[in-house]
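Let me begin by presenting the structure, written as structure tokens, before commenting on it.
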Amino acid sequence: MTETQLPTPSMVGSMYDRFNDLFTQHLGDNLHLGYWDDDTDDTPISKATDRITDMVAARLAPLPGAEILDVGCGNGRPSVRIATEYRVHVTGITVSPHQLRVAHARPEAGPGPGHAAFQLADAMALPFPETRFDGAYAIESLLHMSDRARAISEIARTLRPGAPLVALDFYQDGDLPHEDADIMDRLHQAFELPPLARVGEYETFMAKARLDVVDCEDITGHVRRSHRLLADAMRRIASDADFDTEIRDRIVAYAELNENIGIHPQVHYTLITARRR
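Counting in UniProt numbering, the sequence shown runs from 1 upward without gaps.
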């Protein structure tokens with residue numbers, strides 16, 4: 001993908017306006033991958049995706065009454081789960097008007113501890129003052145940012161000294177073989193993604209933003225099942241539902257590309273915890 005083709009926030013938002021409900025229907029009302037201990041773990045995907053949220057929350061470890069930022073809140077499920085479990089207030093941001101409507105409809109939406117507020121906002125230009133939040137997290141949202149360094153710098157700007165940032169995202173290990181380049185480029189275009197971050201890039205961006213990385217865990221092997229389950233579900237939907245040809249073809253392409261990223265040996269999924277200096 002060339003620089004002129006990098007996705008804008010409005011492009012990302014439009015993609016999720018169109019496909020949010022399709023994705024969340026098969027990811028347990030979440031919009032991120034699930035976590036399984038091993039191949040014998042028979043946890044359903046609805047609980048496996050909540051498990052990812054709980055892993056993020058455990059690393060945030062917020063105190064009651066804390067103000068937390070959810071960067072890329074999707075339909076709001078992780079925000080309200082963390083808000084109610086830890087008695088904190090979560091501010092969730094999205095670039096999708098449809099996701100915002102879904103999040104606002106949740107009974108936990110609102111002010112105060114145990115609730116979550118939602119708004120449209122671009123993570124690369126956050127509308128919040130410095131040191132506004134006691135913690136922040138980004139679950140599979142930084143991968144959509146055309147300027148990830150700027151997004152991380154903006155998040156860091158809004159954090160109080162000592163506050164944590166927890167990020168879950170994909171990265172690419174080295175250059176891809178020529179035969180895989182076309183597949184990955186189609187993946188970038190279908191999901192409104194810039195090229196994936198390379199090894200160590202997130203850590204470098206965080207260091208420049210005065211965030212000290214305290215833990216970095218590759219959990220690729222624990223999430224791969226999500227790709228297969230989602231791809232299988234999307235193929236069933238494409239064959240059964242009454243879609244026009246363009247939508248059906250795009251869903252089938254999503255399925256194939258999603259499965260490819262899940263099995264590619266050079267694509268990894270990492271859980272990073274950093275702390276604001």
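A virtual CB, placed ideally from N, CA and C, is assigned to each residue, including glycine.
Which listed residue (the options) has its alpha carbon closest to that of residue i
i: residue 74; options: 157, 140, 274 and 187; result: 140
i: residue 167; options: 213, 17, 64 and 39; result: 213
i: residue 215; options: 176, 271 and 84; result: 271
i: residue 50; options: 67, 185 and 28; result: 28
i: residue 258; options: 185, 277 and 242; result: 185
i: residue 251; options: 161, 19 and 11; result: 19
i: residue 265; options: 243, 247, 229 and 174; result: 174
i: residue 111; options: 56, 87 and 37; result: 87
i: residue 36; options: 23, 25, 26 and 55; result: 55
i: residue 115; options: 80, 254 and 162; result: 80
i: residue 228; options: 217, 218 and 33; result: 33
i: residue 163; options: 71, 118, 123 and 274; result: 274
Euclidean distance between Cα positions of residue i and residue j
i: residue 262; j: residue 233; result: 15 Å
i: residue 171; j: residue 98; result: 28 Å
i: residue 4; j: residue 21; result: Legend: pLDDT at residue 4 = 46, less than 50; position of this residue unreliable, no value from coordinates given.
i: residue 95; j: residue 245; result: 27 Å
i: residue 77; j: residue 222; result: 21 Å
i: residue 138; j: residue 176; result: 26 Å
i: residue 69; j: residue 205; result: 19 Å
i: residue 197; j: residue 147; result: 11 Å
i: residue 143; j: residue 178; result: 22 Å
i: residue 280; j: residue 145; result: Since the first residue shown for the chain is 1 and the last is 277, residue 280 is missing from the structure and cannot be characterised.
i: residue 190; j: residue 109; result: 31 Å
i: residue 180; j: residue 169; result: 20 Å
i: residue 238; j: residue 107; result: 32 Å
i: residue 268; j: residue 84; result: 31 Å
i: residue 249; j: residue 243; result: 9 Å
i: residue 135; j: residue 240; result: 43 Å
i: residue 192; j: residue 11; result: 7 Å
i: residue 182; j: residue 194; result: 14 Å
i: residue 277; j: residue 158; result: 12 Å
i: residue 188; j: residue 13; result: 15 Å
Secondary structure of residue i, DSSP reduced to three states
i: residue 118; result: strand
i: residue 264; result: coil
i: residue 192; result: coil
i: residue 49; result: helix
i: residue 272; result: strand
i: residue 277; result: coil
i: residue 230; result: helix
i: residue 3; result: Caution is warranted here: a pLDDT of 46 is assigned to residue 3, below 50, making its placement in the model unreliable, and the coordinate value is therefore given only provisionally. Reduced to three states, the DSSP call for residue 3 is helix.
i: residue 164; result: strand
i: residue 61; result: coil
i: residue 211; result: strand
i: residue 54; result: helix
Meets three-Cβ-pair contact criterion under 8 Å: the segment 205-225 and the segment 149-156:
yes
Please go through the UniProt domain "Methyltransferase" (68-162) and give each complete alpha helix (DSSP H) segment of 4 or more residues, from N-terminal end onward.
77-86, 97-104 and 148-157
Would the segment 99-116 and the segment 127-134 be scored as touching if the rule is three or more Cβ pairs under 8 Å?
no
Stretch pair the segment 38-45 + the segment 55-72: three plus CB contacts closer than 8 Å:
no
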